[in-house]
Structure formats: C-alpha cells, structure tokens
Amino acid sequence: MATSTTHHEVGKISRRVLMRRMGLAALTFWLPARWSLGLASDADPEPSAETLRAFVDTLLPGSDVFPPASALGVDRSVLEAAQSDPGLARLIAAGCQWLDRAARSMGAASFSELSGSGRASIISVAEHSAERSLPWVLFSSVRRFSFQKYYSAPESWGPLAYAGPPQPLGFPGHDRSPKETT
Amino acid sequence: MSRSDVVIIGSGPGGAAAAFSLSRAGFNVTLLEAGPRYRPEQDYRLDRADWEVRRFPHKRSIRRRHTHAGLQALDTKWDTLRSWSRAQGRLIKGTHRAFSQYSHVMGVGGSTLHYAGESHRMHPRAMRLHTDFGVGADWPIRYEDLEQYYSEAERIIGVAGPEADAVRPRSGPFPMPAHAMSYGSQRLGDGCGQLGMSWLPNPVASASRPYDGRPPCNYCGQCARGCPRFDRGTPDLTFIPKALAAGHCRLQTECEVLRLEAGPNDRVSAAIFVDKQGAQHRVSADFFVLACGAVETPRLLLNSASRHAPDGLANESGLVGKNFMETLFFTSSALHPEAMGSYRGLPSDAICWDYNAPDAIEGVIGGARFSPATLEADLSGPLNYAQRIVGGWGEKHHEQMLGMFGHVLSVGAIGENLPNPRSYIDLDPEEKDTHGLAKARIHSHLPDMELKRLEFMAGRCRSILKASGAEEPVEEYGSYDMFNSTHVFGTCKMGASAGDSVVDAQCRSHRWRNLLITDASVFPSSGGGEAPSLTIYANALRACDRLAADLGQQRRVPA
Ligand SMILES: Cc1cc2nc3c(=O)[nH]c(=O)nc-3n(C[C@H](O)[C@H](O)[C@H](O)COP(=O)(O)OP(=O)(O)OC[C@H]3O[C@@H](n4cnc5c(N)ncnc54)[C@H](O)[C@@H]3O)c2cc1C
Ligand code: SF4
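Chains as they are written, first to last, in my numbering: chain A, 1 to 182; chain B, 183 to 741.
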C-alpha cells in the first residue's frame with residue numbers, strides 16, 4: 001500500500017510556507033464549469049492511481065479498528081465514476097498532478113511517497129484554499145465521494161457497533177441501551 | 183369521453199378517504215392520480231448497504247411544478263434562530279431567508295409515502311382562534327363533528343396510541359397499544375420530567391402488533407425513505423385498496439388533471455387530463471372532488487379560469503391561494519456523552535402537548551408541540567454523522583466517529599402558523615410546466631408573532647436537550663432562515679360565509695355545488711403543531727358522508 005511505503009519524512013510544514021512554495025496564492029480559480037463544459041485541453045493526463053490511493057487513505061486512514069479507504073475500494077470507485085464522467089476524470093487527473101507537484105515542492109518524488117504528516121499538510125492546504133479553486137474542489141469532491149463510498153460499506157460499520165442496514169431486521173432492541181443490545 | 187358519478191383528483195389522504203367513502207356509498211368513482219404507484223419492496227431499498235446515500239425515491243419530479251417569490255431579509259435580532267451545523271457552520275449564507283423545499287410526493291398515497299405516521303386530532307380550541315383570540319379564522323365545524331370520523335380513520339389506517347387524552351375526548355381507545363419509546367426518546371423524556379413537562383407516546387399509524395394483515399413495525403427509523411415493510415398505514419395500503427374492493431372505484435395512475443371545465447348553471451362539467459402517453463382525455467361527472475394538496479389544488483383552480491369563472495374556478499371570494507399556512511418548525515440536535523443508538527426506533531415516537539393550546543405560550547397566540555426529531559434531523563446512520571456532525575478527515579475524523587456515532591439526540595418543535603396577507607399561492611406569470619400551464623408560485627412571510635413563537639420553540643428544544651444530558655449542540659435549523667414545508671394548509675379556506683371562504687362547512691364550493699375540496703387546503707387554521715393527515719382523512723370522510731346522505735345514496739357495504 002502506497003501509504004505505508006513512505007520514503008520521505010517531511011516534518012510539519014506551515015500552510016503559509018507550503019502555499020508560497022506552490023504559488024497557490026496566485027492560483028486562478030478552477031471553475032467547475034471548466035470541466036463540465038469540456039473546456040480543458042485534450043492533453044489532460046491520466047490520473048495517477050497511486051496518488052489517488054494515497055489521497056483517499058489520508059482522508060480515511062486505516063487504524064486498529066477502521067480499514068483504510070482503499071481496502072474498501074474507495075479509490076477504485078472514484079476511478080470508475082470518472083470513466084463515465086469526463087468532468088470528474090479531468091478533475092481527478094489535474095488534482096493528482098497538483099498533489100504530486102505539492103509533494104515535489106516538499107522534496108518528495110510524489111504525493112504517495114510522502115509521510116502521513118506531509119500528505120496531511122498538503123490536504124490541509126487544499127481544504128483551506130479559495131472556494132472553487134482546483135485544490136478546494138478536489139478536496140471537497142473527493143472527500144464527499146469517499147465518505148459516501150466508505151460509510152456505505154458494512155466493513156466500516158463494525159467499529160461503530162452499527163447493526164445496519166435498517167432492513168430487513170430493523171432494530172428490535174430499540175428501547176434498550178445499545179450497550180445491552182450489541 | 184368517459185363518465186363517472188364522481189371524479190376525485192389526487193390520491194393523498196384527502197382523495198383516498200373520499201374515494202373510500204363515496205365508493206362505499208355506491209357511487210361510481212374515478213380516482214385520477216398524477217403520480218405512479220410505488221412498490222414498497224422494490225422501491226424502498228433499506229436493505230442495501232448504500233441505503234443512506236438515497237433519500238425518498240421520487241419517480242416524478244416535484245420541483246418543476248412550483249416556483250417561489252423572494253423571501254424576507256434576515257435580521258440580526260433573530261440570529262439565535264439561524265440554521266447551522268457543527269461541521270458546516272451557517273447553513274444559510276445569504277442575507278435573506280432561503281427557499282429549501284415544499285416537500286411532497288406525487289404518487290398513489292401522496293405525501294404520506296414518506297411521512298412519519300404521526301396521527302393527531304386537532305386541539306378543539308385551535309379550531310376557534312378568531313372567536314376566542316381574535317386572530318386567524320374559526321373552523322365552521324367543531325371537534326365533536328369530526329370525532330366519529332377520527333375514530334373511523336384511526337381504525338382504517340391502524341393507529342397505535344396511548345390510553346387517555348383529556349384534551350381531545352375519544353369515543354373509544356386507539357386500535358392498537360402505543361409503541362415502546364426508543365432508548366433515546368426515553369432519555370428525552372427524563373429531560374422533560376426534570377423540566378416539569380409531560381412526554382407521552384405519540385399516536386402513529388404504524389402497527390405495534392399485527393394489524394389488518396400488516397406486520398408490526400421493526401423500528402428501523404427510516405419512514406422518510408419509504409417503508410418497505412407494509413406496516414405503516416398509508417392510503418395506498420389502507421383506504422385505496424378498500425375503495426377498490428368496494429367495486430365501484432377505478433384508480434387511474436399517471437393521469438394528471440390539467441383543468442376543470444366550468445359549465446353553465448354553476449356546475450363543473452368535466453376534468454381534462456393527460457395520461458402517461460401524453461394523450462388528453464375528458465371525463466365528465468356529477469361531482470368533482472379536488473385533493474391535490476394545498477399548493478396544487480389552488481393552482482389547478484386558478485389554471486381553470488374560463489368565461490364562466492374568469493378569476494379562477496371557485497374563486498368568487500378571491501381567496502383561492504390566500505391564507506397559505508406553512509410548517510413553522512425548529513429542530514435542535516446535541517451530543518449526549520452516552521451512546522444512545524439514536525438512529526433506532528420510530529422517528530417520532532413521543533410527544534409533549536403541554537404548549538399545544540392556542541394560549542399556552544406566553545406573549546403569543548398559537549401553540550406548539552415537541553417531539554423527537556430523528557426523521558427531520560436525518561441523523562440516520564454513519565454517513566450522515568460523518569458528513570454533518572463529525573466532519574474533518576484523517577485519524578481525528580475516525581476518533582470522533584467512535585465518540586459521537588449514535589450519541590446525538592434531536593428534538594423538534596412544530597407550531598401554529600397564523601395566516602398573513604404576504605403568505606399565499608398564485609400563478610407564476612412567467613414559468614410554465616411541460617403542459618404550458620402556469621406553475622404555482624409560493625409566497626411566504628413570517629411576521630414577528632411567528633418568530634416569537636419560533637423563539638419559544640427553539641428555547642424549549644434546547645432546554646429539553648440540556649436537561650436530558652445532551653449538552654453539546656451540534657446542529658440546528660428552522661423556519662426562520664429557510665422555507666421547508668411538509669405540512670401546508672389554508673389555500674381554499676372552509677367557512678360559513680361565501681364572502682370569506684372558498685368552500686362551505688361541507689367542503690363544497692359556495693357557488694359550484696358539485697365541486698368539493700377535501701385536502702388540507704380547506705383548513706382555516708393549522709393547529710398548534712398537530713400533524714394534519716388524520717384530520718384530512720376525518721374531514722374528507724365527514725364531507726363525503728354528508729354528500730352521500732344529501733343525495734340519499736346510503737348503499738353501504740361493510741369496510
Ligand atoms: C417528510 C414528511 C413527513 C410528514 N410526516 C407527517 C406525519 O407524520 N403525520 C402527518 O399527519 N402528516 C405528515 N406529513 C404531511 C402529510 O404527508 C400531508 O399533510 C398530507 O399527505 C397532505 O395530504 P393531501 O391529501 O392534502 O395532499 P398530498 O398527500 O400531497 O396528495 C396530493 C396528491 O395529489 C396528486 N396531484 C396533484 N396535482 C394533481 C393533478 N393535477 N392531477 C392529478 N393528481 C394530482 C399528487 O400527485 C399527490 O399524490 C409529512 C410530510 C412530509 C413531506
Ligand atoms: S420505522 Fe417502522 S414504519 Fe417506519 S419505515 Fe421502519 S418499519 Fe416502517
């Protein structure tokens with residue numbers, strides 16, 4: 001798994017420093033219309049599967065109890081969705097490039113090569129970027145999509161003691177504490 | 183052209199109860215419904231792992247039929263009523279109240295297909311607002327006129343409720359015993375107890391034991407996504423099959439009525455409708471019953487303007503579309519330190535009626551009631567918690583999911599909404615639907631009296647949560663900064679005088695005597711938060727019983 005084969009340990013880096021290195025302050029707005037109206041160039045690259053996997057696994061990492069997002073196929077679902085949605089495909093491709101570029105500015109070969117904290121710094125920059133800029137749209141869209149896929153997988157429910165889906169069994173012990181019924 | 187004794191338009195509570203009553207009385211009834219039938223076991227897939235991503239599976243778009251006028255500017259003095267969530271901050275970013283939705287369903291059974299099943303009788307004093315308090319309007323009938331029909335409707339849909347109700351006298355017990363309250367609702371009840379408030383089982387149309395061929399509810403909590411279990415007493419499972427079984431009723435789905443034709447002699451002569459294939463039909467009848475809901479009913483009447491009715495059908499008073507009353511609501515959610523499993527149980531299984539009487543809230547006229555609000559809050563599973571409560575990402579997100587999932591308790595209040603001149607439905611002068619008909623345009627305004635009531639409602643919701651031990655607020659939203667209505671009323675008011683109402687006490691147009699309206703459009707007042715469907719059923723049964731009696735056609739067959 002990409003996230004566990006980190007070669008470059010990059011310490012915590014301030015958001016301001018990273019933004020400066022990335023030239024983000026001057027980044028033009030990445031209007032969603034650009035990809036949905038097909039205005040992007042034909043030369044849009046393929047998304048990097050490694051980068052995307054590292055991205056979703058940083059958003060929803062594995063732990064003692066939770067599986068990482070990629071173990072539930074979240075990254076594959078993003079790529080599958082992108083196959084039938086050219087706008088999404090362009091967003092993911094451009095977004096992965098942006099993540100890799102950010103990683104290179106921190107001395108790593110690519111996003112997936114960074115340490116967990118390095119990847120987190122970059123994602124934090126994306127999260128706090130100007131609304132509708134590429135990094136912000138990438139973060140918001142992939143996070144939303146990843147949460148949907150992740151929490152629609154019963155493997156993510158175990159640690160939460162969630163005994164769903166709601167049917168066909170319902171919740172017969174609904175009138176008792178969940179401690180008594182799980 | 184076809185012909186029936188009665189044509190009924192719309193198969194929600196108002197149309198379904200009318201179809202049952204009139205077909206039982208021996209009339210040949212044609213029931214025209216614009217939407218399709220829903221197949222619970224196929225359409226409501228609560229057994230799928232991705233169930234939470236899906237909301238109610240609308241088969242017909244409900245948004246392309248209405249627009250809205252601009253809503254009022256927000257004022258910082260009411261900032262404590264703003265909608266917000268822990269993960270997303272303020273939900274309404276603009277300077278004006280936002281239009282969220284008029285929430286309804288087009289299909290056999292109407293909007294009940296995603297309802298919580300709350301089945302309430304009106305507070306008798308809420309039906310006399312004008313006489314007793316000088317606001318709003320009186321009902322031209324009394325609670326006692328409805329009582330036998332309330333009981334009949336409760337029997338047909340199968341209501342489970344508690345034993346006594348001192349305020350709303352009953353001629354018999356509920357058909358089924360009340361449901362056990364969920365663990366979360368019991369904790370809210372503890373909080374109410376500390377505040378000296380009552381907290382009773384809420385009467386709901388979900389089976390608490392096998393009933394009329396239906397299994398008992400299994401407390402999955404997802405009524406708003408459609409019940410796949412057949413235990414909830416919606417009209418498609420109750421009134422309509424019974425109407426069809428009577429042998430005189432024909433249900434035609436995906437048939438949308440475009441207009442009613444007004445003939446000479448003050449009689450409605452035909453309904454023009456378009457079927458699924460787009461073919462137009464004309465059906466004539468002796469009587470027409472309109473039950474399209476309080477937004478679509480006035481729209482259809484106004485779109486039926488003609489030489490005989492230049493201002494719209496049955497609009498001699500000018501009141502078609504006026505007196506629009508919406509859902510005045512507030513919902514507050516907070517984290518409890520203990521795991522509640524609060525996504526379990528019937529969504530609205532308890533109720534506090536203490537402030538429901540019109541004069542129960544100090545400083546305002548019009549009451550409110552309080553209930554668990556798991557349906558409204560939709561904190562129904564892991565995904566909603568992740569996105570709306572926990573937010574964030576990474577390890578911290580997972581840690582917080584472990585500490586918060588199932589811990590949120592929600593309390594909601596629904597209050598009286600008094601009519602005012604700036605809340606009404608008219609026809610949009612510009613926007614047309616696919617048939618070229620003007621869309622309904624919703625105008626909504628909340629004067630200070632409403633906001634004061636809302637302020638009280640919000641304060642009580644917060645106190646209940648706090649007293650229950652749920653001390654950390656995580657999300658609140660309400661009518662102040664968003665229009666979001668599930669209960670709508672008043673747009674074809676019922677009253678004694680032709681100058682001041684659209685229909686008379688028997689729900690018949692004052693001028694067009696063969697036209698009845700039996701949905702919530704006829705409600706002169708909204709009640710202090712009572713859920714409307716049981717009153718819609720009861721009132722439709724009453725009006726149609728009266729019609730049948732007037733026509734001397736009491737050819738009853740057993741229900
Ligand atoms: C989420 C939610 C929860 C709710 N919970 C509760 C609850 O717990 N208890 C309660 O009492 N109420 C509840 N309600 C409200 C309740 O569902 C409505 O008050 C009730 O269904 C209104 O009945 P109606 O007959 O007036 O109209 P509707 O139920 O809206 O039915 C109108 C029908 O007319 C049809 N129609 C419209 N125009 C045409 C046309 N031109 N031609 C042919 N057909 C047409 C529509 O397709 C629709 O099927 C809830 C509503 C929502 C949205
Ligand atoms: S809570 Fe009961 S009535 Fe509601 S959907 Fe589940 S089984 Fe049906």
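Where is the CB? At the ideal position from N, CA and C, for every residue including glycine.
Item to complete: Specify, as a first and last residue, the run of the alpha helix (DSSP H) that A/V56 falls within.
Response: Walking along the first sequence from the start, residue 56 of chain A turns up at place 56. Note, A/V56: alpha helix (DSSP H), A49 to L59.
Worksheet item: For B/P410, which residues in chain A fall below 7 Å Cβ to Cβ?
Response: Working through the second sequence from its first residue, we reach residue 410 of chain B at position 228. Result: Q167.
Worksheet item: When the Cα of A/V74 is compared with those of A/G173, A/P166, A/S146 and A/G164, which residue comes out closest?
Response: Your numbering for residue 74 of chain A matches position 74 in the first sequence. Here the closest residue by C-alpha is A/S146.
Fill in: In DSSP terms, what B/W266 is bridged to
To locate residue 266 of chain B, count along the second sequence from 1; it is residue 84. According to DSSP, B/W266 bridges with B/R272 and B/E658.
Practice prompt. Determine, using beta carbons only, whether B/W233 comes closer than 8 Å to chain A.
Written response: What you label residue 233 of chain B is simply residue 51 of the second sequence in a count that begins at 1. Judged by the 8 Å Cβ criterion, B/W233 is in contact with chain A.
Item to complete: Could you tell me whether the region 680-698 of chain B touches the region 486-506 of chain B, where touching means 3 or more Cβ pairs closer than 8 Å?
Response: yes
Practice prompt. Starting from the Cα of A/M47, find the closest Cα among A/A103, A/C96, A/M106 and A/S77 and give me that residue.
Written response: As a first step, residue 47 of chain A must be located in the first sequence, where it is residue number 47. Just to set this straight, residue 47 of chain A is Pro in the shown sequence, not Met. Ranked by Cα distance from A/P47, the first of A/A103, A/C96, A/M106 and A/S77 is A/C96.
Discussion item. Looking at ligand 2, does it come within less than 7 Å of B/D608, judged from the CB to the closest heavy atom?
Written reply: The residue labelled residue 608 of chain B in the question sits at position 426 within the second sequence. For ligand 2, not one heavy atom lies less than 7 Å from the Cβ of B/D608.
Worksheet item: Less than 7 Å between the CB of B/P192 and some heavy atom of ligand 1, yes or no?
Response: Looking up residue 192 of chain B in the second sequence gives position 10. Rather than Pro, the amino acid found at residue 192 of chain B in this sequence is Gly. It does: the Cβ of B/G192 is within 7 Å (strictly closer) of some heavy atom of ligand 1.
Practice prompt. Compute the distance between the beta-carbons of B/Y662 and B/W260, then report whether it is under 8 Å.
Written response: As a position in the second sequence, residue 662 of chain B is number 480, starting the count at 1. As a position in the second sequence, residue 260 of chain B is number 78, starting the count at 1. Result yes, Cβ atoms of B/Y662 and B/W260 sit closer than 8 Å.
Fill in: Alpha-carbon to alpha-carbon, B/P322 and B/S524
Indexing the second sequence from 1 puts residue 524 of chain B at position 342. Indexing the second sequence from 1 puts residue 322 of chain B at position 140. Each residue's alpha carbon lies about 42 Å from the other.
Practice prompt. Return the residue from the list B/S650, B/R324, B/V450 and B/I454 that minimises the CA-CA distance to B/R695.
Written response: Looking up residue 695 of chain B in the second sequence gives position 513. If we check each option's Cα against that of B/R695, B/V450 comes out closest.
Worksheet item: Less than 7 Å between the CB of B/D413 and some heavy atom of ligand 2, yes or no?
Response: Here residue 413 of chain B refers to the residue found at position 231 of the second sequence. Flag set: Cβ of B/D413 near ligand 2.
Discussion item. For a test of your reading of the model: does the CB of B/Y401 fall under 7 Å from any non-hydrogen atom of ligand 3? Yes or no.
Written reply: Ligand 3 is not among the ligands present in this structure, which contains only ligand 1 and ligand 2.
Discussion item. Is any non-hydrogen atom of ligand 1 found closer than 7 Å to the C-beta of B/T294, if you look at the structure I gave you?
Written reply: Within the second sequence, residue 294 of chain B is the residue found at index 112, counting from 1. Under cutoff, so the answer is yes.
Item to complete: Run down chain B in chain order and give the residues with a C-beta less than 8 Å from the C-beta of A/R53.
Response: Residue numbering aside, residue 53 of chain A sits at position 53 when the first sequence is read from its first letter. In chain order: nothing, as chain B lies at least about 15 Å away.
Worksheet item: A/S61 touches chain B at which residues, Cβ-Cβ below 8 Å?
Response: For the purposes of this step, residue 61 of chain A is taken as the residue at position 61 of the first sequence. The question names Ser, yet the displayed sequence has Pro at residue 61 of chain A. Chain B residues near A/P61: G576, E577 and H580.
Worksheet item: In terms of alpha-carbon separation, which member of A/A94, A/Q167 and A/A161 lies closest to A/P178?
Response: Taking the first sequence and counting its residues from 1, one reaches residue 178 of chain A at position 178. Of the candidates A/A94, A/Q167 and A/A161, the one whose C-alpha sits nearest the C-alpha of A/P178 is A/A161.
Fill in: Cutoff 8 Å; reference A/Q83; Cβ partners in own chain excluding five residues on either side
Along the first sequence, one-based indexing puts residue 83 of chain A at 83. Cβ neighbours of A/Q83 within its own chain (closer than 8 Å, five residues either side excluded): A89.
Fill in: Any chain A beta carbon closer than 8 Å to B/M583
The sequence position of residue 583 of chain B within the second sequence is 401, counting from 1. For B/M583, the answer is yes, since a Cβ of chain A falls inside 8 Å of its Cβ.
Worksheet entry | Short Cβ contact (8 Å threshold) for B/P195 with B/P417 | Locating residue 195 of chain B in the second sequence gives position 13, where the first residue counts as 1. Locating residue 417 of chain B in the second sequence gives position 235, where the first residue counts as 1. Cβ distance < 8 Å, so B/P195 and B/P417 count as in contact.
Worksheet item: Are three or more beta carbon pairs between the region 642-651 of chain B and the region 464-478 of chain B nearer than 8 Å?
Response: no
Practice prompt. Compare the C-alpha of A/G158 against each of B/K634, B/H580 and B/H627 and name the closest.
Written response: The residue given as residue 158 of chain A occupies position 158 in the first sequence. Looking at the Cα atoms, B/H580 is the closest of the given residues.
Fill in: Whether B/H759 touches B/G475 by CB criterion (8 Å)
In the structure as shown, chain B begins at 183 and stops at 741. Residue 759 of chain B is therefore absent and cannot be evaluated.
Worksheet item: Is the CB of B/P564 under 8 Å away from at least one CB in chain A?
Response: By 1-based counting over the second sequence, the position of residue 564 of chain B is 382. Chain A, which has a Cβ nearer than 8 Å to the Cβ of B/P564, makes this yes.
Worksheet entry | Span of the alpha helix (DSSP H) around B/I339 | As a first step, residue 339 of chain B must be located in the second sequence, where it is residue number 157. That run of the alpha helix (DSSP H) goes Y325 to I339.
Item to complete: Please compile the residues from chain B whose C-beta is within a distance smaller than 7 Å of the C-beta of A/F66.
Response: Taking the first residue of the first sequence as position 1, residue 66 of chain A is located at position 66. Ordered by position in chain B, the residues that pass the 7 Å Cβ test against A/F66 are H580.
Item to complete: May I ask you to check if the CB of B/I718 is nearer than 7 Å to at least one heavy atom of ligand 1?
Response: Sequence index remark: in the second sequence, residue 718 of chain B carries index 536 (1-based). Under cutoff, so the answer is yes.
Worksheet item: Taking the alpha carbon of B/Q688 as the point to measure from, which residue in B/S186, B/A200 and B/H361 has its own alpha carbon closest?
Response: The residue labelled residue 688 of chain B in the question sits at position 506 within the second sequence. With distances taken between Cα atoms, B/Q688 lies closest to B/A200.
Fill in: Through-space distance from B/L561 to B/V754, alpha-carbon basis
The requested residue 754 of chain B is not part of the displayed model; chain B covers only 183 to 741.
Worksheet item: Looking only at DSSP bridge pairs, what is B/Y393 linked to?
Response: As a position in the second sequence, residue 393 of chain B is number 211, starting the count at 1. Partner(s): B/R396.
Worksheet entry | Min CB distance B/S592 to chain A below 8 Å | Here residue 592 of chain B refers to the residue found at position 410 when the second sequence is read from its first residue. No, because no Cβ of chain A sits closer than 8 Å to the Cβ of B/S592.
Fill in: Uninterrupted alpha helix (DSSP H) stretches inside the region 335-381 of chain B (no shorter than 4 residues)
DSSP runs (the alpha helix (DSSP H)) wholly in the region 335-381 of chain B: 365-376.
Worksheet entry | Rounded C-alpha distance that separates B/I547 from B/P540 | Working through the second sequence from its first residue, we reach residue 547 of chain B at position 365. Working through the second sequence from its first residue, we reach residue 540 of chain B at position 358. Taking the straight line joining both Cα atoms gives about 5 Å.
Practice prompt. Put B/T717 into one of helix, strand or coil per three-state DSSP.
Written response: On the second sequence, residue 717 of chain B is found 535 positions in, with the first residue counted as 1. In this structure, B/T717 counts as helix in the three-state DSSP scheme.
Fill in: Identity of the residues DSSP links to B/I624 by a beta bridge
Looking up residue 624 of chain B in the second sequence gives position 442. Partner(s): B/H250 and B/I607.
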